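Note that full-length UniProt numbering has the sequence shown beginning at 1, numbered continuously upward. Here is the structure we will look at, set down as structure tokens.
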Amino acid sequence: MLNKNAITSVIISLLLTGCGGGSSNDAPPGNGSGNNSTLTLQANVIQETHCGTTVSSPNAEILVHDQNWRVVSRHKANSAGQISAAITGANTVNLSIITFSTGAGAEFVVNSYAQHPVVDMGTIFVPGKTQQGCECRTTDVRVNSPNGALSASDVQLTGFSSPELRKSSPAFNEVLFEQVGICRVANGSWPLLTAFANHGSANASAGSIRQYNGNNEVSLALNQNVSTIPVSVDSSSASLLEGHFTETGTINLRSRTNSNEVYVFNELDGVNYIMVRASDNQFDVTDEGTVLRSSSQRINFLPPINDAVVLNIPTSDAMGALENFLVRDLPSDNFNYNLGTIPGFNTFYLYVQTTLTDGTRYFQSFVGPLQGQYPDDVAPADYGIDDKFDENIRATVAVSVIRYNESDSYQQYLLNQIERSKLPAAARATGKWAKYSTVSIQVTAPN
Numbered sequence: 001m002l003n004k005n006a007i008t009s010v011i012i013s014l015l016l017t018g019c020g021g022g023s024s025n026d027a028p029p030g031n032g033s034g035n036n037s038t039l040t041l042q043a044n045v046i047q048e049t050h051c052g053t054t055v056s057s058p059n060a061e062i063l064v065h066d067q068n069w070r071v072v073s074r075h076k077a078n079s080a081g082q083i084s085a086a087i088t089g090a091n092t093v094n095l096s097i098i099t100f101s102t103g104a105g106a107e108f109v110v111n112s113y114a115q116h117p118v119v120d121m122g123t124i125f126v127p128g129k130t131q132q133g134c135e136c137r138t139t140d141v142r143v144n145s146p147n148g149a150l151s152a153s154d155v156q157l158t159g160f161s162s163p164e165l166r167k168s169s170p171a172f173n174e175v176l177f178e179q180v181g182i183c184r185v186a187n188g189s190w191p192l193l194t195a196f197a198n199h200g201s202a203n204a205s206a207g208s209i210r211q212y213n214g215n216n217e218v219s220l221a222l223n224q225n226v227s228t229i230p231v232s233v234d235s236s237s238a239s240l241l242e243g244h245f246t247e248t249g250t251i252n253l254r255s256r257t258n259s260n261e262v263y264v265f266n267e268l269d270g271v272n273y274i275m276v277r278a279s280d281n282q283f284d285v286t287d288e289g290t291v292l293r294s295s296s297q298r299i300n301f302l303p304p305i306n307d308a309v310v311l312n313i314p315t316s317d318a319m320g321a322l323e324n325f326l327v328r329d330l331p332s333d334n335f336n337y338n339l340g341t342i343p344g345f346n347t348f349y350l351y352v353q354t355t356l357t358d359g360t361r362y363f364q365s366f367v368g369p370l371q372g373q374y375p376d377d378v379a380p381a382d383y384g385i386d387d388k389f390d391e392n393i394r395a396t397v398a399v400s401v402i403r404y405n406e407s408d409s410y411q412q413y414l415l416n417q418i419e420r421s422k423l424p425a426a427a428r429a430t431g432k433w434a435k436y437s438t439v440s441i442q443v444t445a446p447n
């Protein structure tokens, strides 16, 4: 992964020291059927807009690798956002998907997958949102409460394309968001705006508005109160949180310990789904960085939630196996890993995040089975990424084992992700993707 030598010393100092080693042999692309049949990898590349639509994008590329993650072919999206790659003699291949955005808030994302089926891959999303095809402007939004006082620090607003320039409390029961960016399809409806106050508490309130004039100040009343839903968790030390995901945005989440209930808005207009999550967390802070160890399960619900929620936090040997990877396999001279047979999990996830010297946010991930080889430098040299890494800039490394619903095979996980990519946002989070369990370790090195 990126800057491997620069970050592993910090990881070791934060965890346990260890060692690793090994080697691998050259191998052809994939581990397929052994015949000479030709299959096709294909995908459509799109970028979401600030007005709720999508546009085709050429800012993506699929790299096909051999079993040791060397690039054997490259396939860039055309101007219509289409990628096609003919693969001969293999049903599965190691591949990486590169997507990027440019300009203000630029992002560069590399997602690598071991043993990926050679099929129609569905939709690839370019990071960030564009104003292409949108009509945008700024307006003031005045949030008011008919039930009492409001604090500016406790009120959140969603649905905007850019956040407010200023937030103030002109009256005891009002919070004014000034110069909020909003976008719509030309001559269409302005986006759903939703405000929340005291989220994560029994005193929370919320409100939404659709039909308003974007040329004038918008008045939004917090006229919805929460329903209290009991939660059963199989851990006395778990923390709980709930999240509301609307058709135009999400809110910041607030975690609570020693709680056996969540507070949800069952009748709030515009809520696509509600998330309820329980986690066992251990958070350690030192001068050299932070370590978060977490075991969690979340379930997404279509509103309303009327019955008690039951959550089961995963328990297994996963935490120890992940820590061994960080202190033994990641610092080693090779890129092999072996998490053994962890009960209830079949998928390994490795993630790195940092900021490049030009301000671009950089993300790299790897998804694979519990044993195999992960890639190192994936982005081809013509992207110019290697020259933009700075070991003194803050970086985060996370490793986890994951599963949706019950324990599907790794290959089924990949096929489900392809199916998921073709669905609307709410459908991608519910149905057979509603229940998600993970055990993870996240290490963050300071600046």
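No residue lacks a Cβ here, since even glycine has one placed at the ideal position from N, Cα and C. All of these numbers come straight from a predicted model, not from anything done at the bench.
Give me, in chain order, the residues of the same chain whose beta-carbon lies closer than 7 Å to that of residue i; leave out the 5 immediate sequence neighbours on both sides.
| i | result |
| --- | --- |
| N111 | S96, I97, S365 |
| L414 | Y113, H116, P117 |
| E261 | T228, I229, P230, V231 |
| A86 | T38, T40 |
| N225 | S205 |
| S409 | N346 |
Residue range of the beta strand (DSSP E) that residue i falls in?
| i | result |
| --- | --- |
| Y263 | 261 to 264 |
| A43 | 38 to 49 |
| D333 | Where D333 is concerned, there is no enclosing beta strand (DSSP E), given that its DSSP letter is neither H nor E. |
| F389 | No beta strand (DSSP E) contains F389, which DSSP labels as neither H nor E. |
| R403 | 395 to 404 |
| A278 | 271 to 286 |
| A195 | 193 to 197 |
| Q371 | 371 to 373 |
| G133 | Note, G133: premise wrong, no beta strand (DSSP E); not H, not E. |
| Y113 | 107 to 117 |
| T357 | Segment: none, T357 is in no beta strand (DSSP E) and carries neither H nor E. |
| F160 | Unbroken run through F160: none, as it is neither H nor E. |
| residue 494 | The first residue shown for the chain is 1 and the last is 447, placing residue 494 beyond what the model contains. |
Identify, in the order they occur along the chain, each residue of the same chain with its Cβ nearer than 6 Å to the Cβ of residue i, setting aside the five sequence neighbours on each side.
| i | result |
| --- | --- |
| L311 | V233, A278, Q297 |
| A429 | Y273, N300 |
| H75 | I62, I83, A85 |
| S151 | none |
| residue 449 | Outside the displayed span of the chain (1 to 447) sits residue 449, for which this structure offers no information. |
| D120 | Q42 |
| V175 | V143, L150, A152, V155, S169 |
| I385 | A379 |
| A426 | N272, Y273 |
| V276 | E242, V262, I299, V309 |
| L322 | V399, I441 |
Note the first and the last residue of the continuous alpha helix (DSSP H) segment covering residue i.
| i | result |
| --- | --- |
| G215 | Here residue 215 turns out to be Asn, not Gly, going by the sequence shown. First-last for N215: undefined, no H or E at that position. |
| R184 | Taken as a continuous stretch (DSSP letters only), R184 belongs to no alpha helix (DSSP H), being part of the beta strand (DSSP E) at 174 to 185. |
| R428 | 425 to 429 |
| L415 | 410 to 421 |
| A321 | 318 to 324 |
Throw me the rounded Cβ distance for the residue i and residue j pair, which I believe falls under 8 Å.
| i | j | result |
| --- | --- | --- |
| V218 | R142 | 7 Å |
| V264 | E247 | About 17 Å; that fails the 8 Å criterion. |
| P314 | S437 | 5 Å |
| V439 | V401 | 5 Å |
| Y337 | G372 | 7 Å |
| D280 | A238 | 6 Å |
| G340 | L292 | Actually they do not touch by this definition, with Cβ atoms about 23 Å apart. |
Check each candidate in the options and name the one with the smallest Cα separation from residue i.
| i | options | result |
| --- | --- | --- |
| S169 | A149, W190, E48, E242 | A149 |
| residue 448 | N266, G105, P163 | It is not possible to answer for residue 448, since the shown part of the chain is limited to 1 through 447. |
| C136 | P146, S153, N213 | N213 |
| Q42 | V55, Q371, I124 | I124 |
| S122 | N405, S161, G81, A90 | The residue you asked about is not Ser; residue 122 is Gly in the sequence shown. Ranking the options by Cα distance to G122, first place goes to G81. |
| A197 | N91, S295, G188, N173 | N173 |
| N94 | N338, K435, H65 | H65 |
| N215 | D382, D333, T139, G89 | T139 |
| A171 | T250, G200, N144 | N144 |
| N91 | K432, Q411, S332, S295 | Q411 |
| L222 | L193, Q211, T250, D317 | L193 |
| A202 | V180, R256, W190 | R256 |
So, for residue i: in the same chain, excluding its five sequence neighbours on each side, which residues have a beta-carbon less than 8 Å away from its beta-carbon?
| i | result |
| --- | --- |
| N59 | V45, Q47, A77, T99, F100, S101, T102, V126 |
| T54 | I46, Q47, E48 |
| S23 | Caution applies to S23, whose pLDDT of 30 falls short of 50 and renders its modelled position unreliable; the model cannot decide the point. |
* To do: Check whether the stretch 64 to 71 touches the stretch 193 to 213, taking contact to mean three or more Cβ pairs, one atom from each stretch, closer than 8 Å.
  => The stretch 64 to 71 vs the stretch 193 to 213: no contact.
* **Any 3 or more C-beta pairs closer than 8 Å across the stretch 384 to 397 and the stretch 339 to 353** => Output reads yes: the stretch 339 to 353 touches the stretch 384 to 397.
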